[in-house]
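If you read the sequence shown in this note's numbering, its first letter stands for residue 63, the second for the next number, and so on. Ideal Cβ positions, reconstructed from N, Cα and C, are used throughout, including at glycine.
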Amino acid sequence: MAGQMAGQPIYILGEGNQRNRGRDAQSNNIMAGKAVANAVRTTLGPKGMDKMLVDGMGDVVITNDGATILKEMDIEHPAAKMIVEVSKSQDDQVGDGTTTAAVLAGELLAKAEELLSKGVHPTVIASGYREAAKKSSEILDTITISISPDDTEGLKKIASTAITGKGSEIYKEILSDLAVDAVRYVVEEIDSELVADIDDIKIEKQAGASISNSHLVDGLVIDKFRSHPNMPEKVENAKVLVLSVPLEFRKTDMNAEIKITSPDQMQMFLDQEEKMIKEIADKVIDSGANVVFCQKGIDDLAQYYLEKAGVYATRRVKKSDLKRLCRATGATNIQDIDEITSDDLGEASLVEEKDVKGVKMTYVTGCKNSKTTTVILHGGTQHVVDALQRAFNDALRVVGVAIEDEKIVAGGGSPEIELSLRLSEYASTLTGREQLAVNKFAEALEVIPNTLAENSGLDPIDTLIELRSQHEDGNKNAGLDVYTGKVVNMWDNNVVEPLRIKTQAINAATEATVLILRIDDVVASSKGADGPSPDLSGMDMDMDTGF
């Protein structure tokens, strides 16, 4: 980067830095955003294809979940990362619709590129897009359907829609029932509003059985077993102690050597170590705890003393499970053995070890916080249960969102077509160049039903014509049935989604698009990086996504 003064160039940026500005910067950023959207576009809908993602360690993930795909992709371009953030935000807020959000953002960028080529200023496009997004929220409110938290059948339809197309359709009835039961179990009223904290629902995966064997457990299931076979298999009226420190002999923080010159000294050393471990075990036993969950190791000798005292102990428990145990039982996570008191103990009616299809697990039931529950998912192979968990997570999130908002819309591209038509009418009432941006926004929304048709092997043009015709005739819930290829009433077809899926996708995609459009200068510095600065000059539509 250089300026010119009296014929002498003035260098501002150091050697090795890259700079793109003006139309070049905008074109590169838009192209990168479209490339990310195209990478996941074929996964949209019940008949979308899957992606196989292979990381550097050779681990394989097979999924059509947009957020998972984009998270696993090795994306370097900064503008492309913004589209990934759109998908991540959608996943965090709603759980489903991640592909929809990414595809919509890519299409908004494509339509903006058409306007830029005609000389429309980026700030005008940004203003029009924001206006269209605001109007979209108003239009969506007119086509929503209210749902009661007690409407079990309606909630099952929402869960079934989220699960469809993710490799588990055969068992979607069973999974929908599980999802609705689990979410309703943890729902509580806070400040006169219903809140569904999905973190209170733990999912345990178990390969080797049929998906139909999946079930709900009233309590917490930990994927660990007794650390000593002579410990009791079952403890009633459990006093639960949760530890983040090991029940082991504490080693010094620095390297040290102890010189032993006689067998007596060796025996004294061993006796002292045994004494220290016994003191640690006695502190646990004296606290009144009869169940111990330890994040780290438990010494063999400590296991012996705990077993003699009739204490049920497990080790190497995950940190996330410790948090759930504390929340469920009311226990305090102990960081120092010397600080244990009876007040730090949690309560549970029963702690027992059970055999689950050949794998031993610890069941903690009758918890102090009765809102905690666990879903045990079964599947033929590990890849199956991994995909099942992702689909089930989406179902839990959308059911929770529907209960909180009590508003749903029809699926199958129905809301997008209705929005497209109504926004086109709204655009005609505007003056100035924002009208062009609103019109392009309306056109961009049609990418969702268009892609649904393409991924189902249908003619997208004929499908869009039929959808528009039905909506113009007043059928606001008309959408595409990808299995029959016909345009039907999606509410009657049991295809429904929470309203928040649409509002979040539209708002997130719009904000990301506006942010990218307003960038007219990209400076990539090589300072402070381990490798060279990313090449921003020649982003190709078939970019290297890292899998």
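Residue i: first and last residue of the uninterrupted beta strand (DSSP E) it sits in
i      : result
Tyr374 : 374 to 376
Gln268 : 263 to 269
Lys228 : No beta strand (DSSP E) holds Lys228; DSSP gives it neither H nor E.
Met423 : 421 to 429
Asp543 : 540 to 543
Asn551 : 548 to 551
Inter-residue Cα distance where the pair is residue i and residue j
i      : j      : result
Val373 : Val353 : 6 Å
Ile137 : Ala167 : 17 Å
Ser349 : Ala300 : 13 Å
Arg378 : Lys113 : 34 Å
Ile131 : His139 : 16 Å
Leu412 : Ala163 : 45 Å
Met603 : Met93  : With a pLDDT of 40 at Met603, under the threshold of 50, the predicted position of this residue should be treated as unreliable, and no value is reported.
Tyr545 : Ser222 : 15 Å
His440 : Met119 : 26 Å
Asn126 : Ser274 : 22 Å
Glu147 : Ala371 : 52 Å
Ala571 : Gln155 : 14 Å
Ser599 : His183 : Unreliable positioning characterises Ser599 in this predicted model, as indicated by a pLDDT of 49, which lies under 50. A coordinate reading is not provided.
Glu295 : Ala351 : 16 Å
Lys150 : Asp521 : 31 Å
Leu178 : Glu200 : 28 Å
Ala453 : Ala224 : 7 Å
Ala101 : Ser486 : 29 Å
Val550 : Leu106 : 19 Å
Ile322 : Asp333 : 14 Å
Gly428 : Leu407 : 15 Å
Ser208 : Thr565 : 16 Å
Ala591 : Gly95  : Any reading at Ala591 must be qualified, since the residue scores a pLDDT of 47, below 50, and its modelled position is unreliable; no value is offered.
Ser198 : Val257 : 26 Å
Glu496 : Tyr488 : 11 Å
Thr104 : Arg386 : 38 Å
Lys228 : Ala188 : 35 Å
Val123 : Leu115 : 5 Å
Tyr425 : Glu414 : 5 Å
Val44  : Ile252 : Nothing about residue 44 can be read from this structure; the chain reaches only from 63 to 609.
Ser238 : Asn556 : 13 Å
Thr607 : Met135 : Confidence in Thr607 is poor, its pLDDT being 43 and thus under 50, which makes the residue's placement too unreliable to answer from.
Whole-number beta carbon distance between residue j and residue i, since they are thought to touch under 8 Å
i      : j      : result
Val471 : Gln268 : No, Val471 and Gln268 are not in contact; Cβ-Cβ is about 35 Å, not under 8 Å.
Ile465 : Val245 : 7 Å
Gly157 : Asp456 : 5 Å
Ala55  : Thr160 : The shown model of the chain, from 63 to 609, leaves out residue 55, and the question about it has no answer.
Val346 : Gly473 : With 8 Å as the limit, Val346 and Gly473 do not qualify as a contact, their Cβ atoms being about 54 Å apart.
Ile260 : Val437 : So it is not a contact: roughly 11 Å between Cβ atoms.
From the options, residue whose alpha carbon lies closest to that of residue i
i      : options                        : result
Thr435 : Ile284, Pro211, Arg580         : Ile284
Lys548 : Gln566, Val557, Pro560, Thr525 : Thr525
Ile578 : Ile145, Met119, Leu132         : Ile145
Phe311 : Leu177, Val123, Ile265, Gln365 : Gln365
Ser518 : Lys109, Asn91, Thr104, Asn100  : Lys109
Thr394 : Ala224, Ser306, Ser189         : Ser306
Met423 : Asp383, Gly462, Ile339         : Asp383
Glu335 : Ile205, Leu303, Asp362         : Asp362
Phe287 : Lys234, Ile273, Gly190, Val418 : Val418
Ala174 : Leu542, Thr160, Tyr191, Thr161 : Tyr191
Arg484 : Gln566, Val500, Gly473         : Val500
Asn512 : Val297, Ile402, Gly475         : Gly475
Gln88  : Leu171, Arg103, Val123         : Leu171
Ile339 : Asp326, Gly359, Glu414         : Gly359
Ala390 : Ile124, Val123, Glu169, Glu409 : Glu409
Met293 : Ser238, Glu415, Glu369         : Glu369
Glu169 : Asn556, Asp582, Val509         : Val509
Leu309 : Val279, Thr403, Ala375         : Ala375
Asp121 : His445, Thr403, Gly181         : His445
Gln357 : Met552, Lys381, Glu341         : Lys381
Asp467 : Ala99, Ser254, Val165          : Ser254
Leu481 : Asp213, Ala343, Thr204, Ile232 : Thr204
For residue i, the first and last residue of its enclosing alpha helix (DSSP H)
i      : result
Ser382 : 381 to 391
Thr435 : Unbroken run through Thr435 is the beta strand (DSSP E), 435 to 441; no alpha helix (DSSP H).
Pro511 : 509 to 517
Leu170 : 160 to 179
Val248 : 234 to 248
Gly281 : Unbroken run through Gly281 is the beta strand (DSSP E), 281 to 284; no alpha helix (DSSP H).
Met144 : 140 to 155
Ala489 : 476 to 489
Lys321 : It is not in any alpha helix (DSSP H) - Lys321 carries neither H nor E in the DSSP assignment.
Residue-chain proximity (residue i, chain B), Cβ-Cβ < 8 Å
i     : result
Asn90 : This model lacks chain B altogether, as it is built from one protein chain only.
Heavy atom of the ligand SAM within 7 Å of residue i beta-carbon
i      : result
Phe355 : Annotation note on the ligand SAM: not contained in the displayed structure, which lists no ligands.
Would you call the stretch 502 to 509 in contact with the stretch 178 to 196, where contact means no fewer than 3 C-beta pairs closer than 8 Å?
The answer is yes - the stretch 178 to 196 touches the stretch 502 to 509, with three or more Cβ pairs under 8 Å.
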